[in-house]
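See structure below.
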Amino acid sequence: MNYVYSDPNPIPLDRHHLHNVRRAFLHLNNARLELAKESLGEAQRLFLDILPALIHFNHPMLPGYVTRSTPSGVYGFSMANEEQMNQLRKLTRSFNPSTYRDNKQEQTDILALYSMGSMGTIAQNSKSDIDIWLCYRPNLSYREQELLSEKCKRICAWAKNLDIDATIFLMDHLNFCAQTQLSFSKEASGSTQHYLLLDEFYRTIIHLAGQLPIWLFVRPEQEHSYEAIAKAIQEQRLLPENQDVDFGNIDSIPASEFISSAIWQLYKAIESPYKSILKLLVLEIYCHQYPDLPLLSNHFKSHLHDVDKNKMVNLWDVDPYLLNYYFIEEYLLSTKQTPRLEFIRRCFYFKLDQPLTDNDKQSRKLSIIGEMARSWGWDNDFISHLDNHRSWSLKDTLDERRRIINELNNSYQQIMNFFRNQKGQIQVPNREMNILGRKLHAAFAKKTGKIDWVNPVISNNITEPEITIRKQANSDLWAAVDCNDKAIASKATPLELITWLHCNQVMIAATRLLFNNQQTDTRLYYSLRRFITSLIPLPLTIAKHNDFEKGCQLKKLLFFVDYRPDKFQLTDTITDRVNLLSLTCDIDVLTINSWNEIICTHKQGPLLESMIAIFIGIFKRETNHFNPDILFNYPERNIQQTIRSFFAPLFKRVIEFFKQCPRGRYITHINNRYLLIHLGDQGSDIQWLSTERELKKILLSPMPYYSPVYMDMETMAYHPLAIF
């Protein structure tokens, strides 16, 4: 029996117990690996089998090779069997792993390889990605780290050819303990979730090669003395390995991580709502029981330490996703939240993505899922309905989306209540929280006229063969109904309605479009549909991660100008600029920014004045670089050309002036009148002045601040005032 003497109360370290824990973990690890391979095709299993060898060897003919000086050599590596050697030989005949030697082969640059996440769990399916942690020697130079990173990128690119979505994260375990390891990216939440990430890693780990994490061997009840025990285990050589990788323990989790993780999961919910909802529930439970955290990773480790030499850990007793579900179920039952539990069961079933209907495949996974579904009281019809969710109608899809949003809001409110109860003690890194906040804002913030994305993952096809557009009775809203006269959606304007139908792929090119159940009078709507379809390609995508590192910038400013047929009879005289600019119009504007937000606005009034007012409103909101593409659309080609030839150059000149002089005054001469545009501290102003005298009076009036004046040289080049 060995002891940790540095502790006031010496802790016994039993070599035999540690060996039992190691043996139990390796047995469980092998079971997880076998389960992982059951869900993979032959080519995918090849990747998992030979990944350690690809990292270990540095041969020009193997996938991932960069240079001769690329770090290589995995601690304790040896080819597992003849089959793996044959698999490597298939990649290149010039490479023989049994005879290959490298000048650096005696050096071990790679300490360990692990996978984490859904691999080897009940939640793994054919779509699951593979996240790998590659732990390298801490004293690698920056150049060596770059070479190793490039090698991993090339291996992941090669894996794409095998239909595998793999990501390899380079880890320095010493830097990770110091919380300086992970950077914030689209794949990782950075330092905002250090301990929560570690909690997930420890309970989902699959050891692929190299050293084991020392965390496994410290009893859960001894986490308070973690450092002393870990040091003693290594110094006293109580395990076969010379040393073990140490990512640190999780004695406590800072409250700030729960807030940043909640925001991160809300963002991830855009593409993976069911997975995010389950993770948010775990966060909610952690917050509910804070600071006495019932960590799931410690629950997993308890099973390892409870074994004796004659027993092994049951694979399903420590399955991370089953542990998650039963953890959530116990909490919701104890807090009497049965309706939430019913929806959480749907989320869990959808996350597993293992349909029970008409599935002839027999597996341990399906057997367990089937038993759970029956225990929840689900009948075959309900299971069949869930299994067919990819074919759900628009109504079913919208109903499901409402459930998802309600649950996301519920969890987020619970966590924010926890945040408020901490009385300002929570500190979160500003830069990372700013990025997360921007992503959350772009995905879920409600704005008038904003096009919401209703069907990212629920149904594969909500397209309607026929849609009728009509004005709602006793309302200013415009509605879209299907061929059975059932409501699809209602919006403030036809532009917003058609944009929503297009962006959510409810309306496609083959969709028959009617207006008030008639095929006549649809010219404007077909024109609008062509306009929107050409400018917003599908499918919609989430903005790139680096777009959120700065404030949103306007990318496109699209004007749809349409006279009102009931008020104006179309004649050739409308091409005259005087008539055109004074024409009362409906003006719809569609903006697209760098965060891929699409927003529709509407204004009615005289054409020129209304468009200038819309422009000023948008310009005042844009605090960043304002240089959008400005496009105009009008049903009549001759009128459209008149608008484009006049407004596009005018707006370009106005934009350039106000970008340089945001407090300035812009003057142009139109239709024998002067138009003065002013963006100042006291608000925006548009004035029509009938005479030169009125203009001089305005210009001679005192201003509370410096306000430069610019005369439009296109319309006032020879005007007497222009010389000033």
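In terms of my numbering, the sequence shown opens at residue 2 and continues consecutively. Ideal placement from N, C-alpha and C gives every residue a C-beta, glycine not left out.
Could you give the C-beta distance for residue i and residue j, rounded to a whole number, given that I count them as a contact under 8 angstroms?
i, j, result
"residue 279", "residue 329", "7 angstroms"
"residue 211", "residue 76", "4 angstroms"
"residue 204", "residue 324", "7 angstroms"
"residue 288", "residue 415", "7 angstroms"
"residue 246", "residue 151", "That pair is no contact at about 23 angstroms."
"residue 659", "residue 620", "6 angstroms"
"residue 599", "residue 699", "In fact, because the Cβ distance is near 38 angstroms, the residues do not count as touching under 8 angstroms."
Distance check for residue j and residue i, CA to CA, integer angstroms please.
i, j, result
"residue 115", "residue 618", "53 angstroms"
"residue 50", "residue 164", "15 angstroms"
"residue 552", "residue 559", "21 angstroms"
"residue 432", "residue 109", "36 angstroms"
"residue 173", "residue 134", "10 angstroms"
"residue 547", "residue 557", "19 angstroms"
"residue 282", "residue 197", "13 angstroms"
"residue 29", "residue 18", "16 angstroms"
"residue 322", "residue 396", "30 angstroms"
"residue 319", "residue 16", "24 angstroms"
"residue 36", "residue 634", "58 angstroms"
"residue 86", "residue 52", "12 angstroms"
"residue 274", "residue 407", "12 angstroms"
"residue 486", "residue 527", "20 angstroms"
"residue 121", "residue 317", "11 angstroms"
"residue 437", "residue 292", "25 angstroms"
"residue 112", "residue 138", "6 angstroms"
"residue 219", "residue 601", "58 angstroms"
"residue 608", "residue 632", "15 angstroms"
"residue 418", "residue 143", "43 angstroms"
"residue 403", "residue 240", "53 angstroms"
"residue 400", "residue 341", "15 angstroms"
"residue 231", "residue 216", "7 angstroms"
When the Cα of residue i is compared with those of the options, which residue comes out closest?
i, options, result
"residue 338", "673, 666 and 412", "412"
"residue 84", "111, 69, 46 and 68", "46"
"residue 539", "282, 508, 316 and 252", "508"
"residue 535", "514, 542, 500 and 215", "500"
"residue 206", "301, 142, 632 and 652", "301"
"residue 530", "545, 495 and 113", "495"
"residue 689", "671, 148, 705 and 680", "671"
"residue 387", "622, 423, 347 and 61", "347"
"residue 715", "668, 562 and 141", "668"
"residue 290", "128, 180, 335 and 604", "335"
"residue 629", "657, 550 and 121", "657"
"residue 517", "544, 131, 473 and 219", "473"
"residue 544", "597, 555 and 646", "597"
"residue 271", "445, 38, 550 and 340", "445"
Would residue i and residue j be called neighbours here (beta carbons separated by less than 7 angstroms)?
i, j, result
"residue 502", "residue 491", "no"
"residue 58", "residue 260", "no"
"residue 264", "residue 441", "yes"
"residue 314", "residue 25", "yes"
"residue 488", "residue 468", "no"
"residue 483", "residue 465", "yes"
"residue 357", "residue 384", "yes"
"residue 14", "residue 158", "no"
"residue 170", "residue 117", "no"
"residue 702", "residue 674", "no"
"residue 460", "residue 398", "yes"
"residue 72", "residue 147", "no"
"residue 65", "residue 156", "yes"
"residue 593", "residue 604", "no"
"residue 22", "residue 306", "yes"
"residue 665", "residue 709", "yes"
"residue 655", "residue 615", "no"
"residue 439", "residue 549", "yes"
Using 10 angstroms around the beta-carbon of residue i, count the other beta-carbons present and answer buried if the total reaches 16, otherwise exposed.
i, result
"residue 266", "buried"
"residue 505", "buried"
"residue 262", "buried"
"residue 576", "Reliability of the predicted coordinates at residue 576 is poor, the pLDDT of 49 falling under 50, and no value is obtained from them."
"residue 276", "buried"
"residue 33", "buried"
"residue 712", "buried"
"residue 200", "buried"
"residue 214", "buried"
"residue 612", "buried"
Compute every distance between the C-beta of residue i and the non-hydrogen atoms of the ligand ATP, then say whether any falls below 6 angstroms.
i, result
"residue 441", "Only the bare structure without any ligand can be found here, which leaves the ligand ATP out of the picture."
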